[in-house]
Every structure is written in structure tokens, then in C-alpha cells.
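Engineer:
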Ligand SMILES: [Zn+2]
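Residue numbers (the numbering used here): 1 to 466.
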């Protein structure tokens, strides 16, 4: 009997891990880090529900840390199989996972120095050498090409339009034993992107399937019609008028480059005054190279790439690659703009800027992506008056603004558009959504399509019927 086990991203948006078992073989789809509330983050320290050395392979939909960030720990704990993913994701992981290891080392160091660690000494979840090992296990496979991660499993990736290299996965699983004809087709949506997004291709329609495992990040809402330039102009104008710095928490790959490009476009057109823009991320420059190398993966034309490169080379744009350059930003009083990761403010250099600038009423914090429950980004949106950063309560006097147009996740109508003419799967599972979002999407799909939809909990197992 083939089985599907939900080991993460069930009722939450992080820790994506779905295990498929058939004929004594195990294939793990995504291996993400839990992020957000403390209770969730503590799951990162739990023993994996099956011994990692019994997993035959991992198939990875995309590089975001909530889908890939637990891989170094999985390999540290004994996993030695291959990790199948797209060529661009292979290159991005070489940047992202080292950064993740560094963030965790810094967190542990900081916790020890400030003495607020619960465990003494605080240890990082994994280290650079664990990342080295993961990179050796990576197996690049182009989209639309079948591959067999384990006996009895056939898979292929399709464009998901969510980030560079992102895919959704079509998997055929033998009903029982290896070698038999495929009996079940499962589609894992990974994260589904937007249509007509200013950087990525549109997601392609999924094939018919027996079981669908679909994300539901924005399952209970609809984005306002997307006007990225206008929205960014309005928020930035207001921030500049306040006279202080605008802090933009941003994912370093894709989003940061897009923001610089859009801001510079507005400044060049005279729609915004020329103020300095700092990209406080050593990853942003490295990521440009990956974008260049995988030109066919996104719909940035050569001319637009040139535009991004020119924006980054503008005298108004400054790259802070090392810690000293990052600290030098502190001397600037404003107005100005700092773009730094992480996007949900749960780590990275943005924390130092927040700690310094949040008490200043002239500061603006711009939120450009999804903010999970338990992250500092979510607390700010919800109107927190204090934010805990590095063990201290920082008073929030800054203005907080959102720009939805830059979100990378489809809303429920866009998911419906992506599903297109797909006939009803035997069963649809909604993952990667907080409970109201997952329930909202379930109701939406049941009503609109009459589908049998369920929202699994972490640890749920489902037997696929023959
Ligand atoms: Zn993602």
C-alpha cells in the first residue's frame, strides 16, 4: 500500500516535508525549516519521524528555506540519498544554505554572548560542513523530463512561476511493490506563483491526478489588482516625507533585485527623489550571477537584466557586503532606504537595523511578502508596540506599511486559475497555509469545484487506495 505522510507545513506555512512510501521505498518531497513561533522552531530540533538513512531520495520543488532549509540537518542525521531538483535551484542552494548555516551560527553565538540561550551553550542546528555534504548529493534535472528517484517512483518537474527554479511536481507511485505499473499519480504544488508577475514566468497548468497536495498560503484572500510601481511609489514617498529611513525586509534573491530595479525606475522617472538605497546583503550580488546564468528560467529580458545591473551600479545604490559596510549605514540619518533579509524578519541583518531604527518615529518599515504567525514581520503588521530582538524589547515608534503587489504566492483565484480544467482528484490535501487560510481555500474549492478537500495535520498519514 502506498502512503502519504504529512510531516510539516500542515496547518502552518513552513517546514514543508511530505513523505511518500511505497514498496519499502521512501521519497521525501521538500525538506523545509520550520520558521515562526517558538513552538514551531523547536520542531527543527526534533528527531525526524523516520530514520533519515531509510529515505531513498529527496525531491525538492524550490530553494526557499521553508522547503529546503532542513536538508543539512537531514544529511547530518544520516541521509545519504540523492536530492533531485532543478538546475537553477542547485545553484541557489549553494548560496542559500550557506547563508542559513551562517544565520544559525550567528544566532547561537549571539545567544551565548548575551546569555539568553535556553540551552547552554546554544549550538547551531547545522554547520557549513553539513551544507557541503548536501551540495554533493544534489542532482540537477531539467523540467518536463522524467526521472526515477527510487524504484517504483517516476517524477517530473513543471514550471511553478514562484521564484527562480521553482517547480511543481508530478509523481507516479507504484501501488505496492517496485517494478509494477504506476497506479497513483500525485501532484505536489510546491509554492505557486502569480500570473503576469514582473520577473517570473506564469505557472503552467497541472496534469490530471489522483491526489493533489496544494499550497494555501493566501487561501482566504484575494490580492488587490497588482500595480507594483504605483504602490511602491506611494509607500516610499510617504517614508521619505517622514524624513527617516525606510527599512525593507526582503528575501535576498529575486525580491531584493526587483525592489532596487523598481525603486531606481521610479527615481529615474522623477516619481521619487533620489535618495540612497543600501542593499545590505552579501547574497544579493551572488544571486545576480545565478539569474544571468539561468536566463531562460525567468522572463527578465536581456534589456531588463541590463536595467537591473545598471540600477545596482547606480551611485545611489550601495552594496554592503561585509559587516563593517553594514554597520556604516547606521551613520546615515535619513532619508534613505535599506533593503535587507530575512523577509519575515526572523533573522539576518534586517534585525540590526530594526533594533536601531524602530524607536525612531521617522522610520518606515515596508513589508513586501507573506509574514507567518510568530515572525517579527507579522507582529509589526498586527500593530505590536514592542518587538523582541536579540533578547531586548524594542519599542515600535516607526510606521509600518505593506505592498501586496510584490507577493510571490498565488491567491485563491489565482490557484483556481492555475488548476484550470483539472478534473477532480480523488482527494485534495491543502498544506502550507495557516488554519484560516487552509479552511478558506477548502471551502472555496469545495464550493467552486465540488472537490473533496481535506486539511491534514502534522503527522497525519493517508493510505492511497488502489
Ligand atoms: Zn516559496
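Beta carbons: idealized from backbone N, C-alpha and C, even for Gly.
Should residue 297 be labelled buried (16 or more other beta-carbon atoms within 10 Å of its own) or exposed?
Structural biologist: buried
Engineer: In the DSSP assignment, what are the bridge partners of residue 172?
Structural biologist: 154 and 185
Engineer: Could you give the distance in angstroms between the alpha-carbon of residue 436 and the alpha-carbon of residue 420?
Structural biologist: 24 Å
Engineer: Only counting the same chain, and skipping five residues up and downstream in sequence, which positions put a Cβ closer than 6 Å to that of residue 374?
Structural biologist: 36 and 37
Engineer: For residue 65, tell me which candidate among 202, 44, 96 and 17 has the shortest Cα-Cα distance.
Structural biologist: 96
Engineer: Give a yes or no on contact between the region 262 to 279 and the region 200 to 214, applying the rule of three or more CB pairs nearer than 8 Å.
Structural biologist: no
Engineer: Anyone know if the C-beta pair for residue 10 and residue 458 falls short of 7 Å?
Structural biologist: yes
Engineer: With a threshold of 8 Å, are at least 3 pairs of Cβ atoms found where one atom belongs to the region 414 to 430 and the other to the region 380 to 396?
Structural biologist: no
Engineer: Per DSSP, residue 395 is paired with what?
Structural biologist: 386
Engineer: In this structure, does DSSP put residue 31 in helix, strand or coil?
Structural biologist: coil
Engineer: Classify residue 408: buried if its beta carbon has 16 or more other beta carbons within 10 angstroms, exposed otherwise.
Structural biologist: The residue in question, residue 408, is buried, as its Cβ has 16 or more Cβ neighbours within 10 Å.
Engineer: Pick from 169, 356, 122 and 368: whose alpha carbon is nearest that of residue 394?
Structural biologist: 356
Engineer: What are the partner residues of residue 26, as DSSP defines its beta bridges?
Structural biologist: 21
Engineer: Restricting to runs no shorter than 4 residues, where is the alpha helix (DSSP H) found entirely within the region 331 to 393?
Structural biologist: 350 to 357 and 376 to 381
Engineer: Would you mind sorting residue 225 into buried or exposed? The rule is 16 or more other CB atoms within 10 Å of its CB.
Structural biologist: By the neighbour-count criterion, in which 16 or more other beta carbons inside 10 Å mark a residue as buried, residue 225 falls on the exposed side.
Engineer: Going by C-alpha to C-alpha distance, which of 193, 190, 147 and 166 sits closest to residue 172?
Structural biologist: For the residues 193, 190, 147 and 166, the minimum Cα distance to residue 172 belongs to 147.
Engineer: Could you please give me the residues that DSSP links to residue 411 through a beta bridge?
Structural biologist: 218
Engineer: Give me the DSSP bridge partner(s) of residue 247.
Structural biologist: 338 and 365
Engineer: Kindly indicate which three-state DSSP category residue 166 falls into: helix, strand or coil?
Structural biologist: coil
Engineer: Looking at residue 372: is its Cβ nearer than 7 Å to the Cβ of residue 13?
Structural biologist: Yes, Cβ-Cβ distance for residue 372 and residue 13 is below 7 Å.
Engineer: First and last residue of the beta strand (DSSP E) that includes residue 120?
Structural biologist: Careful: residue 120 lies outside any beta strand (DSSP E) and carries neither H nor E.
Engineer: Would you kindly check if the distance between the Cβ of residue 245 and the Cβ of residue 363 is under 7 Å?
Structural biologist: yes
Engineer: Following a CB-centred definition, is residue 99 positioned closer than 6 Å to any heavy atom of ligand 1?
Structural biologist: no
Engineer: Buried or exposed for residue 46, please, with buried defined as at least 16 other CB atoms from any protein chain shown within 10 angstroms of its CB.
Structural biologist: Classification for residue 46: exposed.
Engineer: To the nearest angstrom, how far is the alpha carbon of residue 446 from that of residue 205?
Structural biologist: 20 Å
Engineer: Can you check which of these residues, 163, 214, 196 and 199, is closest to residue 186 by C-alpha distance?
Structural biologist: Closest by alpha carbon: 214.
Engineer: Starting from residue 208 and walking both ways along the beta strand (DSSP E), at which residues does that stretch end?
Structural biologist: It is not in any beta strand (DSSP E) - residue 208 carries neither H nor E in the DSSP assignment.
Engineer: What does residue 444 pair with, by DSSP beta-bridge criteria?
Structural biologist: None, per the DSSP bridge assignment.
Engineer: Does the beta-carbon of residue 191, which I'm using as the reference point, lie nearer than 6 Å to any heavy atom of ligand 1?
Structural biologist: Residue 191: yes, Cβ under 6 Å from ligand 1.
Engineer: If you check the beta carbons only, do residue 93 and residue 63 fall under 7 Å apart?
Structural biologist: yes
Engineer: Here's a check: name, in chain order, each residue in its chain whose Cβ is nearer than 8 Å to the Cβ of residue 367, leaving out the five neighbours to either side.
Structural biologist: 249, 377, 380, 381, 400, 401, 402 and 403
Engineer: Hey, is the region 127 to 142 in contact with the region 78 to 87, meaning 3+ C-beta pairs nearer than 8 Å?
Structural biologist: In short, these stretches touch, since the Cβ pair count reaches three.
Engineer: What did DSSP end up calling residue 298 once you bin it into helix, strand or coil?
Structural biologist: strand
Engineer: How many whole angstroms separate the CB atoms of residue 358 and residue 398, which I take to be in contact at a CB cut-off of 8 Å?
Structural biologist: 5 Å
Engineer: Do residue 26 and residue 55 come within 7 Å of each other at the CB atom, strictly closer than that value?
Structural biologist: yes
Engineer: Going by the DSSP bridge assignment, what does residue 84 pair with across the sheet?
Structural biologist: 59 and 139
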